[in-house]
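Below you'll find the structure, written out as structure tokens, and then a few comments.
Number of protein chains: 2
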Amino acid sequence: MSVVSTNSRKGAASGLDAASAASKARLRVWLRILKVSRLIERELRERLRVEFDTTLPRFDVLAALYRAEKGLNMSELSGVLRVSNGNVTGIVDRLVADRLIVRVPVEDDRRAMIVRLTAKGKTHFLELARGHEDWVNEMLGSVETSDAEMLIAQLGDIGKRLDQRKAIDK
Amino acid sequence: MSVVSTNSRKGAASGLDAASAASKARLRVWLRILKVSRLIERELRERLRVEFDTTLPRFDVLAALYRAEKGLNMSELSGVLRVSNGNVTGIVDRLVADRLIVRVPVEDDRRAMIVRLTAKGKTHFLELARGHEDWVNEMLGSVETSDAEMLIAQLGDIGKRLDQRKAIDK
DNA sequence: TATTAATATTCTAAGCTTGAAATAAATCGC
DNA sequence: GCGATTTATTTCAAGCTTAGAATATTAATA
Numbered sequence: 001m002s003v004v005s006t007n008s009r010k011g012a013a014s015g016l017d018a019a020s021a022a023s024k025a026r027l028r029v030w031l032r033i034l035k036v037s038r039l040i041e042r043e044l045r046e047r048l049r050v051e052f053d054t055t056l057p058r059f060d061v062l063a064a065l066y067r068a069e070k071g072l073n074m075s076e077l078s079g080v081l082r083v084s085n086g087n088v089t090g091i092v093d094r095l096v097a098d099r100l101i102v103r104v105p106v107e108d109d110r111r112a113m114i115v116r117l118t119a120k121g122k123t124h125f126l127e128l129a130r131g132h133e134d135w136v137n138e139m140l141g142s143v144e145t146s147d148a149e150m151l152i153a154q155l156g157d158i159g160k161r162l163d164q165r166k167a168i169d170k
Numbered sequence: 001m002s003v004v005s006t007n008s009r010k011g012a013a014s015g016l017d018a019a020s021a022a023s024k025a026r027l028r029v030w031l032r033i034l035k036v037s038r039l040i041e042r043e044l045r046e047r048l049r050v051e052f053d054t055t056l057p058r059f060d061v062l063a064a065l066y067r068a069e070k071g072l073n074m075s076e077l078s079g080v081l082r083v084s085n086g087n088v089t090g091i092v093d094r095l096v097a098d099r100l101i102v103r104v105p106v107e108d109d110r111r112a113m114i115v116r117l118t119a120k121g122k123t124h125f126l127e128l129a130r131g132h133e134d135w136v137n138e139m140l141g142s143v144e145t146s147d148a149e150m151l152i153a154q155l156g157d158i159g160k161r162l163d164q165r166k167a168i169d170k
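Chain order of the listed sequences is A and B.
Counting with the numbering used here, you get residues 1 to 170 for the letters of the first sequence.
Counting with the numbering used here, you get residues 1 to 170 for the letters of the second sequence.
Okay, here's the thing in structure tokens:
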């Protein structure tokens, strides 16, 4: 989580050079993102548990399926959520057991399964989503809309570049 | 991870009212933070695994201990890392087994244990930290210093307020 | 058509994470 | 000093997460 200064190896004549200072600023950006992210995530987990007896990964799956009118197959689902393939299997298993989603065999590909919300799942998700938006709004209540727009733009750029990087790596 | 619009319940005469728009902007801020955070975290995990055969939680513990000259007891450690008490026990167990840290009984409190880096642990951590800063710098390479400062300030404010909230709740 | 390669999913082992319960020791109130 | 409460830590059960192996099926190609 926290980290230390180790960047005096660029060999400038004295003290910190520009590259090192920039590097440190970026490191601090990351540490702040991480801190905020963990604080919010922790609170969301807690509230989902206490008020709805569920978990964040379950919510994430339901949200992804709610947005996908026709459902998603397992690969698409793990892609959207950015988690491993095998991971989704377990969460889906439990949601199926709770009758919130169903696995439907794909007509012309016997390997694949499409996962979809049930009516019960949809109703359930809408309750969760209402709470979720309220909680986030409450936690970020101090953020003015103008600041929010700026953060959205900045973080959007960063995210986009990270996505591109990843695409290139492969 | 992703979420949906459910905030048309504030009863404005037509369309979205100001509160609802603000709420949605904040929700998007959160979703962007979450996305960036997960992308970066995933890459850091991957690199720590491939290049150093270790994990992010282990790195976090080592970093916290590196910053604490005299070590930390288990409660302080879980406090700094913002994870549960029991969680730290397991990670510390494994780091102790690898001789990277030691548990030292506290003289005047037989319940407590202080955890400290060994010389080996310190050396190991410095290698990790060097890689870590480089990777972050690379991933956020596109962020100009002026933007970085702004993000640091904004996210710092958000983090501070969330900390305060938490303190008040208790 | 027969192989080979690619794709979709699940399974497995190991570690992470949590909240709650269990221990053990210190401290507080009397 | 003694009982009750608080504090420090570990243990436990359940679920999350990952990478990699195993299965099954489809697609490509020779």
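Beta carbons: idealized from backbone N, C-alpha and C, even for Gly.
(message) For a test of the three-state rule: what should DSSP assign to A112/B, helix, strand or coil?
(response) A112/B falls in the strand class under three-state DSSP.
(request) Indicate whether the contact test is met: 3 or more Cβ pairs, each with one atom in the region 58-66 of chain B and one in the region 86-100 of chain B, closer than 8 Å. (result) With three or more CB-CB distances shorter than 8 Å, the region 58-66 of chain B counts as touching the region 86-100 of chain B.
(message) Counting only Cβ-Cβ distances shorter than 7 Å, please list the residues of the region 138-156 of chain A near chain B, keeping chain order.
(response) Hits within the stretch, in order: M139, L140, S142, V143, T145, D147, A148, E149, L151, I152, Q154, L155, G156.
(request) Assign R161/A to one of three DSSP states: helix, strand, or coil. (result) The answer is helix: DSSP assigns R161/A an H, G or I state.
(request) Would you mind reading off the limits of the alpha helix (DSSP H) that contains R99/A? (result) Counting along the chain, no alpha helix (DSSP H) covers R99/A, and no H or E run does either.
(request) Report the rounded CA-to-CA distance for V102/B versus A119/B, giving the unit in angstroms. (result) Looking at the two C-alpha atoms, the distance is approximately 10 Å.
(request) Tell me, please, whether the CB atom of S20/A is closer than 7 Å to any CB atom in chain B? (result) Interface annotation, S20/A: not in contact with chain B, CB-CB separation never under 7 Å.
(request) Return the CA-CA distance between Q164/A and V83/B, expressed in angstroms with no decimal places. (result) Cα atoms of Q164/A and V83/B: separation of roughly 32 Å, rounded to the nearest angstrom.
(message) Quick check on V50/A: buried or exposed, where buried means 16 or more other Cβ atoms within 10 Å of its Cβ?
(response) Residue burial is scored here from C-beta neighbours: V50/A has fewer than 16 other C-beta atoms within 10 angstroms and is therefore classed as exposed.
(message) To the nearest angstrom, how far is the alpha carbon of S142/B from that of D53/B?
(response) Approximately 28 Å between the Cα atoms of the pair.
(message) Tell me the residue span of the alpha helix (DSSP H) that contains R28/B.
(response) Residue range 18-52 is occupied by the alpha helix (DSSP H) that includes R28/B.
(request) Tell me where the alpha helix (DSSP H) around T123/B begins and ends. (result) Membership of T123/B in the alpha helix (DSSP H) is indicated by the continuous run 119-139.
(request) Decide if A18/B is buried, meaning its Cβ has at least 16 other Cβ atoms within 10 Å, or exposed. (result) Result: exposed.
(message) Contact defined as beta carbons within less than 8 Å: I believe G71/A pairs with V104/A. What is the distance between those atoms, to the nearest angstrom?
(response) A Cβ-Cβ separation of about 7 Å places G71/A in contact with V104/A under the 8 Å criterion.
(message) Cβ closer than 7 Å: which chain B residues qualify as neighbours of S218/A?
(response) Here chain A covers residues 1 to 170 and nothing more, so residue 218/A does not appear.
(message) For the alpha helix (DSSP H) containing A63/A, name the first residue and the last one.
(response) Its alpha helix (DSSP H) spans residues 56-67.
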